[in-house]
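Undergrad: Here our numbering = 1-based position in the sequence shown + 1. Virtual Cβ for every residue (Gly too), placed ideally from N, Cα, C.
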Amino acid sequence: MESSSRITGSGCPNIWQRELGLVQPQAFTRGVGGSEAIVKRLDRYGKLNGHKGCVNTVHFNPTGDLLVSGSDDKEVIIWNWLAKTIKLTFSSGHVDNIFQARIMPFADDRTIITSSADGQVRLAQIPENGEVSTKRLATHRGRVHKLAIEPGSPHIFYSCGEDGLVQHFDLRNRSPTKLFTCTSFSENKQPIRLNAIVIDPRNPHYFSIGGFDQYARVYDIRNYQHDASVSSDQPVDVFCPRHLTGSNNVHITALAYSITSELLVSYNDELIYLFQKNMGYGPKPPSNSSSENSQKLDQPQVYSGHRNSQTVKGVNFFGPNDEYVVSGSDCGNVYIWKKKKGELVRMMLGDKHIVNCVEPHPFFPFLATSGFDKSVKVWAPIAKKLAPLPKNAKEIMAANKRGREARARITLSPEVVMHLLRLQRRQALAYVERRPPADFESDDDEESEALIFGFADDNDTPGEGPSTDPRECNIS
2 MESSSRITGS
12 GCPNIWQREL
22 GLVQPQAFTR
32 GVGGSEAIVK
42 RLDRYGKLNG
52 HKGCVNTVHF
62 NPTGDLLVSG
72 SDDKEVIIWN
82 WLAKTIKLTF
92 SSGHVDNIFQ
102 ARIMPFADDR
112 TIITSSADGQ
122 VRLAQIPENG
132 EVSTKRLATH
142 RGRVHKLAIE
152 PGSPHIFYSC
162 GEDGLVQHFD
172 LRNRSPTKLF
182 TCTSFSENKQ
192 PIRLNAIVID
202 PRNPHYFSIG
212 GFDQYARVYD
222 IRNYQHDASV
232 SSDQPVDVFC
242 PRHLTGSNNV
252 HITALAYSIT
262 SELLVSYNDE
272 LIYLFQKNMG
282 YGPKPPSNSS
292 SENSQKLDQP
302 QVYSGHRNSQ
312 TVKGVNFFGP
322 NDEYVVSGSD
332 CGNVYIWKKK
342 KGELVRMMLG
352 DKHIVNCVEP
362 HPFFPFLATS
372 GFDKSVKVWA
382 PIAKKLAPLP
392 KNAKEIMAAN
402 KRGREARARI
412 TLSPEVVMHL
422 LRLQRRQALA
432 YVERRPPADF
442 ESDDDEESEA
452 LIFGFADDND
462 TPGEGPSTDP
472 RECNIS
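(1) Smallest Cα separation from Asn393: which of Phe276, Cys332, Arg405 and Ala381?
(2) Looking at the structure shown, is Met105 part of a helix, part of a strand, or coil, going by DSSP?
(3) So, helix, strand or coil for His52, using DSSP?
(4) I'd like to know whether the C-beta atoms of Val359 and Val335 end up nearer to each other than 9 Å.
(5) Kindly indicate the opening and closing residues of the beta strand (DSSP E) around Val199.
(6) Thinking C-beta only, is Lys339 closer than 9 Å to Leu275?
(7) Using 10 angstroms around the beta-carbon of Pro236, count the other beta-carbons present and answer buried if the total reaches 16, otherwise exposed.
(8) Jot down the residue ranges of each uninterrupted alpha helix (DSSP H) in the region 268-313, minimum 4 residues, whole runs only, in chain order.
(9) With three or more beta-carbon pairs closer than 8 Å as the criterion, would you say the region 361-370 touches the region 60-76?
(10) Which stretch, first to last residue, makes up the alpha helix (DSSP H) that contains Gly39?
(11) May I ask which residues mark the beginning and end of the beta strand (DSSP E) holding Gly94?
(12) Using a Cβ-Cβ cutoff of less than 7 Å, which residues in the same chain neighbour Pro205 once the five nearest sequence positions on both sides are dropped?
(13) Quick check on DSSP: helix, strand or coil for Gly404?
(14) Glu450 to Leu390, Cα distance in whole Å?
(15) Got a sec, what are the start and stop residues for the beta strand (DSSP E) Glu344 sits in?
(16) Is the region 167-183 close to the region 125-137, with three or more CB pairs under 8 Å?
(17) Could you pull the DSSP bridge partners for Gly211 from this structure?
(18) Compare the Cα-Cα distances from Ala118 to each of Ile104, Ile127, Leu148 and Pro321 and report the closest residue.
(19) With His169 as the anchor, note down where its beta strand (DSSP E) starts and where it stops.
(20) Looking only at its chain, what residues have a beta carbon closer than 7 Å to the beta carbon of Asp214, apart from the 5 residues adjacent to it on each side?
(21) Using only alpha-carbon positions, find the residue among Asp234, Arg218 and Ala217 that is nearest to Asn224.
(22) Please return the same chain residues whose Cβ sits closer than 7 Å to the Cβ of Lys190, not counting the five positions on each side in sequence.
(23) With DSSP as the reference, label Leu245 as helix, strand or coil.
(24) Under DSSP, the beta strand (DSSP E) around Val251 begins and ends at which residues?
(25) What does the Cβ neighbour count give for Glu448, buried or exposed, with the cut at 16 atoms within 10 Å?
(26) Run through the DSSP bridge pairs and tell me what Gln126 is partnered with.
Put into structure tokens, the structure is as follows:
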């Protein structure tokens, strides 16, 4: 029998205790699943091919045995990810790119909700015979990037859209409740285009939204029992890094709650920040970062190295106790940091172009990712050796930082940012960034090099880039 010191060196110090029955199975799973050795052994378990467009959303079902994905091809696929096979494919009924697809809990995996660039929120029902029926539940005046399911509920979820409207759905009712329209804190009270909505798992009365300004707002659903026509935008708390208070050059692309109600906020072409519950400004933020209230607050943990510029990227926690933070990046890598102290521990090449979605398994140290490629990647701790950071990690992160800083020197309104990103998409030119490792298969066999998109020169002709369809992928 190996000594405990040798086992400890392997990264699994509790194995011998588990073998002797000194550790309960649940405690063992949580302890080992959150170890750095497990994270450093993550490797690609499989690539799921089936979509004909960029994959904008991936989510495990509540039990973790199925994976649902949605794409620019307007199709929804349910995967048996362990067997790497398709269980069911169906047309969503959307007329534009799917941005979100979720399986409702405690519904026998037969109820799926979706949202799209067409502004629709739709419901799909899967009967025993497999003949899927879909219907429209509601619409927004603008794209709908995210849906949030009330933890443990087979009926209740929320939507938020680029019209600033937040809606509450109960599948037992005929129509949703329009809660309120999110507006700016300025005197003109302009609607805020929303990208993200999440529900606090410890207290589902609270939910947070984020979009085209710098503030993550927290609301209490108990304050909204009526239609938006009589309800007002009344957050109970507001979160923002001190240096971004008063800025008009950043916006939020993604939010995530930890199991202890910490709020993770990812900013477009800025960084990722982790806020504790006591770091909020209250119902209204200060007018500037030098205010007395702002100076008293502790500052959030920061996660850096990636770049979140070209798309609406997600962010998430990873590990049985949310020990890690994970995000995609414009450089095509998946980044994993330690939640405490923000140390980067992994960079994994996840896409030829850009990684948008990072979805952890509900129980085990598995991860699903997707992006510009037409496939879903599933990651598991199957590598024989611990993986270090890539040799060119510093160069990649330095390039990401230069891109962020160059853009930060330009102050643009959200409307101008949207216009420039659409222009960038239409006039994109591809150039070689790096050659993927030999074991990383491209979705396009004839292409073996990673591509990055940049602004065309004045002399370039629009439309000569790899894509001239501004709706092809999830670009905001």
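TA: With the structure as the only source:
(1) Cys332
(2) coil
(3) His52 falls in the coil class under three-state DSSP.
(4) yes
(5) Leu195 to Ile200
(6) no
(7) buried
(8) 293-297
(9) yes
(10) According to the sequence shown, residue 39 is Ile rather than Gly. From DSSP, the alpha helix (DSSP H) with Ile39 extends over Glu37 to Lys41.
(11) No beta strand (DSSP E) holds Gly94; DSSP gives it neither H nor E.
(12) Glu151 and Pro152
(13) helix
(14) Legend: pLDDT at Glu450 = 31, less than 50; position of this residue unreliable, value from coordinates given subsequently. So the alpha carbons of these two residues sit roughly 20 Å apart.
(15) No beta strand (DSSP E) contains Glu344, which DSSP labels as neither H nor E.
(16) no
(17) Ala197
(18) The option with the nearest alpha carbon to Ala118 is Leu148.
(19) Leu166 to Asp171
(20) Ser185, Ile193 and His252
(21) Asp234
(22) Thr184
(23) helix
(24) No beta strand (DSSP E) holds Val251; DSSP gives it neither H nor E.
(25) Note on Glu448: pLDDT 35, under 50, position unreliable in the model; the coordinate value appears next. Under this definition Glu448 is an exposed residue.
(26) Answer is Thr112 and Ser134, bridged to Gln126.
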